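K.L.:
There are 2 protein chains.
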Amino acid sequence: MKNVKVILWGLGAMGGGIGKMLAKKQGVDIVGAIDIGAKLGKSLYEVVPGIERGDREDVIVATAEEVIKPGAADIVVVCTNSFTKDVFDKLVYVMERGMNVITSAEEMAYPQAQEPELAKKLDEIAKANNVSVMGTGINPGLIMDLLVVLWTAACEEVNHVTSRRVNSLSPFGPAVMEEQGIGISVEEFEARKADGTMAGHVGFAESTMMICDALGWEWSKENFGQDMEAIVTDVDRKSPYGFAAAGSVAGVAMKGWVDINGERKIDMDHPQQIEPEQVGVHTGDYVILDAVPPVNMANSPEIEGGIGTMAMIMNCIPHCINADAGLITMLDIPVPHAIMGDFRNLIKEDKKIVK
Amino acid sequence: MKNVKVILWGLGAMGGGIGKMLAKKQGVDIVGAIDIGAKLGKSLYEVVPGIERGDREDVIVATAEEVIKPGAADIVVVCTNSFTKDVFDKLVYVMERGMNVITSAEEMAYPQAQEPELAKKLDEIAKANNVSVMGTGINPGLIMDLLVVLWTAACEEVNHVTSRRVNSLSPFGPAVMEEQGIGISVEEFEARKADGTMAGHVGFAESTMMICDALGWEWSKENFGQDMEAIVTDVDRKSPYGFAAAGSVAGVAMKGWVDINGERKIDMDHPQQIEPEQVGVHTGDYVILDAVPPVNMANSPEIEGGIGTMAMIMNCIPHCINADAGLITMLDIPVPHAIMGDFRNLIKEDKKIVK
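So the protein lines, in turn, are chains X and W.
Numbering-wise (this note's numbering), the first sequence opens with residue 329 and increments by one.
Numbering-wise (this note's numbering), the second sequence opens with residue 329 and increments by one.
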């Protein structure tokens with residue numbers, strides 16, 4: 329079998345990082361790279377920091393029109409957007425040229441939640457072109473949803489789910505500091521929250537609907553809710569790219585929930601802040617099930633989000649290629665896992681596009 | 329769609345317990361029950377303690393020949409044995425009559441490990457009859473293998489796996505007390521260990537091969553090893569069905585490992601004992617990955633093994649029915665989960681046997 333052929337669409341921190349990981353793996357080749365602006369015409373191995381070319385053929389960054397052609401690859405990895413409506417045209421463009429596509433867009437981890445009509449269209453277009461389309465990441469995609477789902481497999485009954493991720497924003501760069509309002513005043517936080525420019529976490533609708541669909545609880549926009557609160561620091565906190573003076577915002581605490589027939593079934597808790605250790609906050613991932621039998625899981629400290637998301641996307645490449653045609657989710661594919669051997673060993677012969 | 333139709337083969341603690349769980353669920357019917365001896369000719373609802381009949385039709389316990397007939401059910405749940413070679417004929421008997429089959433036999437969680445030839449035959453017979461066969465449970469099946477596999481999905485590289493389950497044997501009955509040597513002397517333990525009559529835990533070969541096959545590490549009987557040690561108590565310990573005087577055996581500490589090219593890749597740790605709390609031992613399930621990024625997960629106390637295994641088998645029924653024909657494992661099916669809704673919503677129309 330020929331090596332698995334991958335095209336990267338988007339060479340930012342996420343797409344470039346996945347490229348760097350893929351370049352270390354066996355049985356997989358990066359055969360195309362798409363970006364815009366100053367990166368065009370340059371070598372992938374020059375544009376992505378730290379990626380090792382080894383004795384590979386060069387890959388020149390080009391436009392989608394130049395790279396996305398029928399039979400060019402087995403899969404395209406699209407890391408350009410967070411929202412389904414923004415990434416939709418790119419996904420369709422790939423599928424209509426007969427290739428599978430996987431994306432880091434958070435909403436695409438379960439697009440049925442916020443974009444049911446676009447999800448239906450993606451499913452139809454995928455089936456019409458005999459390819460599959462999916463989105464994943466560490467959250468949504470694993471920690472606050474698929475991991476919860478797996479734990480319930482040992483349960484006869486589940487009454488209530490608490491899914492909690494307490495993480496540090498310190499490793500992230502200036503863009504995340506700005507998005508999460510690090511260092512702004514409480515008044516500014518409230519103003520931005522009111523006018524909808526506080527990003528917070530994208531994914532609770534997706535994660536909760538995934539859990540509900542798995543368990544057989546009826547999710548709807550009406551029984552789902554979320555809110556955010558400023559994490560105000562009592563002391564000055566300084567991270568590599570952020571600073572929050574005492575009294576200002578050091579992070580955002582997101583909460584989400586699902587109520588069914590007036591009963592709380594799911595609580596999602598996701599406080600994110602810079603330098604939590606400085607004030608004695610222990611970070612971690614938690615799955616707490618009021619269930620038969622109960623579950624009380626902690627992963628501490630939290631698993632790292634940046635590498636984790638890149639790894640999840642890379643590790644789902646074989647599953648996306650192997651899947652039946654259509655829009656697929658984490659509930660449809662076999663359990664994902666790290667790939668320490670040859671990518672080709674994980675690919676079904678009849679699903680390989682580049683023979 | 330008609331309700332999912334299930335036959336129970338074996339009505340002991342495990343098979344009967346699964347029946348009791350199934351009787352509480354929607355969209356699923358127990359349509360047959362098989363056992364031997366005094367249970368024959370009696371009502372399932374009389375034979376299984378605590379099972380609720382409700383307004384269901386009665387089910388009379390009968391022989392396999394009377395119950396296992398083509399089209400009788402969508403799946404047969406076989407809870408009669410621990411080892412593949414002992415349960416093999418029953419699995420074949422079901423498949424040759426055109427039904428899917430799932431079993432609690434520990435070795436069947438990954439029969440490729442200890443019985444590769446029987447596994448090959450099961451796969452062939454399943455495919456010839458267009459049905460699927462699988463085994464699962466909480467361990468092997470979830471806690472020390474599939475859960476580990478899922479955590480690696482967030483990892484770029486995995487260097488070493490520690491999978492640990494520290495559990496209490498106190499909830500178990502006289503048979504387990506005897507099997508695990510509770511209360512015997514250290515000399516007797518060593519004698520039984522030497523002549524192979526100390527059961528210990530069945531599953532390390534299966535769990536480690538599952539992890540290796542997922543990650544792409546080469547597992548073989550030569551690179552796998554296991555051993556057991558007596559847990560000798562310093563104080564008298566008394567559980568509902570067991571007693572270990574000070575100086576005697578209160579449990580068994582099983583260890584397993586995989587070395588690849590002289591390097592330790594997997595360590596399995598599974599100390600089981602009565603009344604661990606009495607001597608300050610905290611029970612729990614642990615996944616510790618020396619990986620990029622690292623994982624340090626604890627579920628404490630451990631998830632309960634008895635209910636957990638029954639739930640795993642019940643919850644995998646839809647996955648087994650939906651699977652492509654053949655011998656399937658936890659690595660092949662979508663992630664299992666609790667079923668709080670209607671079983672029928674989880675079944676693919678074209679895979680339903682009893683239309």
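No residue lacks a Cβ here, since even glycine has one placed at the ideal position from N, Cα and C.
All values reported here derive from a predicted model rather than from experimental measurement.
1) Is the Cβ-Cβ distance between W/A392 and W/C483 less than 7 Å?
2) Is there contact between the stretch 495–504 of chain W and the stretch 512–523 of chain W, where contact requires at least three CB pairs shorter than 8 Å?
3) So the candidates are X/K549, X/D564, X/G636; which of them puts its Cα closest to the Cα of X/I510?
4) Have a look at X/G524, X/V663, X/G338, X/V459 and flag the residue whose alpha-carbon is nearest the alpha-carbon of X/A653.
5) Going by C-alpha to C-alpha distance, which of X/Y438, X/K418, X/A366 sits closest to X/I539?
6) With 7 Å as the threshold, decide whether the Cβ of W/E677 is near any Cβ in chain X.
7) Is it true that the stretch 464–482 of chain X meets the stretch 570–579 of chain X, where meeting means three or more beta-carbon pairs spaced less than 8 Å apart?
8) Excluding the five sequence neighbours on either side, which residues of its own chain have a C-beta within less than 7 Å of the C-beta of X/N643, listed in chain order?
9) Give every residue of the same chain whose Cβ lies closer than 6 Å to the Cβ of X/G553, excluding the five residues on either side of it in the sequence, and list them in chain order.
10) Any C-beta of chain W sitting closer than 7 Å to the C-beta of X/H647?
11) Do you know whose CA, among W/K352, W/M462, W/V332, W/S496, lies nearest W/A609's CA?
12) Let me know the secondary structure DSSP gives X/N627 once reduced to three states.
13) Can you give the beta carbon distance from W/R380 to W/A351, rounded, assuming they're within the 8 Å contact cut?
14) Any idea what DSSP makes of X/D421, helix, strand or coil?
15) By Cβ distance, which residues of its chain are closer than 8 Å to X/W479, with the 5 residues on each side in sequence left out?
16) Is there a C-beta anywhere in chain X that falls below 7 Å from the one on W/V486?
17) Apply the 10 Å Cβ neighbour rule to X/V607 and answer buried if 16 or more other Cβ atoms are within range, or exposed otherwise.
18) Which parts of the stretch 603–682 of chain X are runs of the beta strand (DSSP E), unbroken and 3 residues or longer, counting only runs that do not cross its ends?
19) Using only alpha-carbon positions, find the residue among X/G378, X/D402, X/V387, X/E534 that is nearest to X/L368.
20) Given a limit of 7 Å on CB to CB distance, which residues of the stretch 535–547 of chain X reach chain W?
21) In angstroms, rounded to a whole number, what distance separates the CA positions of W/I335 and W/C407?
22) Does the beta carbon of X/C483 come closer than 7 Å to any beta carbon on chain W?
23) Quick check on the DSSP output: the beta strand (DSSP E) that includes X/K593 runs from which residue to which?
24) Assuming W/I403 and W/E424 are in contact, meaning their beta carbons sit under 8 Å apart, how far apart are those beta carbons, in whole angstroms?
25) Report, in whole angstroms, the separation of the C-beta atoms of W/K534 and W/A441, which I expect to be a contact under 8 Å.
26) So, under 8 Å CB-CB, X/G378 and X/I641 are touching, yes? Tell me the CB distance rounded to an integer number of Å.
27) Does the beta carbon of X/D363 come closer than 7 Å to any beta carbon on chain W?
28) Please report how far the alpha carbon of W/I681 lies from the alpha carbon of W/N331, in whole angstroms.
29) Assign X/N467 to buried or exposed, taking buried as 16 or more other Cβ atoms, counted over all protein chains shown, within 10 Å of its Cβ.
30) If you draw a straight line from the C-alpha of W/S491 to the C-alpha of W/L543, how long is it?
31) Starting from X/I379, trace the beta strand (DSSP E) both ways and give me its first and last residue.
32) With distances taken from CA atoms, which of X/I512, X/H488, X/I346, X/N457 is nearest X/E591?
33) Does any C-beta atom of chain W lie closer than 7 Å to the C-beta of X/A341?
34) Report the start-end ranges of each beta strand (DSSP E) in the stretch 467–502 of chain X that is 3 residues or longer and not cut off at the edges.
35) Check distances from the C-beta atoms of the stretch 636–669 of chain W to those of chain X and list, in chain order, the residues that come in under 9 Å.
36) Look at W/V376 and W/L419 and say whether their C-beta atoms are less than 7 Å apart.
P.N.:
The structure says:
1) no
2) no
3) X/D564
4) It is X/V459 whose Cα lies nearest to the Cα of X/A653.
5) X/Y438
6) no
7) The stretch 464–482 of chain X, when compared against the stretch 570–579 of chain X, does not touch it at the 8 Å Cβ threshold.
8) P664, H665, A666, I667
9) W585
10) no
11) A quick correction: the sequence has Val, not Ala, at residue 609 of chain W. Comparing C-alpha distances from W/V609 to each of W/K352, W/M462, W/V332, W/S496 shows the shortest one belongs to W/S496.
12) strand
13) Looking at the sequence shown, residue 380 of chain W is not Arg but Glu. Going by Cβ atoms, the distance from W/E380 to W/A351 rounds to 5 Å, so yes, they are a contact pair.
14) Here the sequence assigns Tyr to residue 421 of chain X, which means Asp is not the residue at that position. X/Y421 falls in the helix class under three-state DSSP.
15) V615, L617, V623, M625
16) yes
17) exposed
18) Every beta strand (DSSP E) stretch that sits fully inside the stretch 603–682 of chain X and reaches 3 residues is listed by chain position as 612–620, 623–627.
19) When C-alpha distances from X/L368 are compared across X/G378, X/D402, X/V387, X/E534, the shortest belongs to X/V387.
20) For the stretch 535–547 of chain X, which is checked against every Cβ of chain W, the residues closer than 7 Å are A542, L543, G544, W545.
21) Approximately 11 Å between the Cα atoms of the pair.
22) yes
23) 591–601
24) Actually they are not in contact, since the Cβ atoms of W/I403 and W/E424 sit about 15 Å apart, beyond 8 Å.
25) According to the sequence provided, residue 534 of chain W is Glu. The question's Lys does not apply to it. That belief holds up - the Cβ atoms of W/E534 and W/A441 are roughly 5 Å apart, short of 8 Å.
26) The C-beta distance from X/G378 to X/I641 rounds to 18 Å, too long to meet the 8 Å contact threshold.
27) Not one beta carbon of chain W lies nearer than 7 Å to the beta carbon of X/D363.
28) A direct Cα-to-Cα measurement between W/I681 and W/N331 gives close to 11 Å.
29) buried
30) 15 Å
31) Premise fails: X/I379 is in no beta strand (DSSP E) and is neither H nor E.
32) X/H488
33) no
34) 485–496
35) G636, T637, M638, A639, M640, M642, N643, C644, M658, L659, D660, I661, P662, V663, P664, H665, A666, I667, M668, G669
36) no
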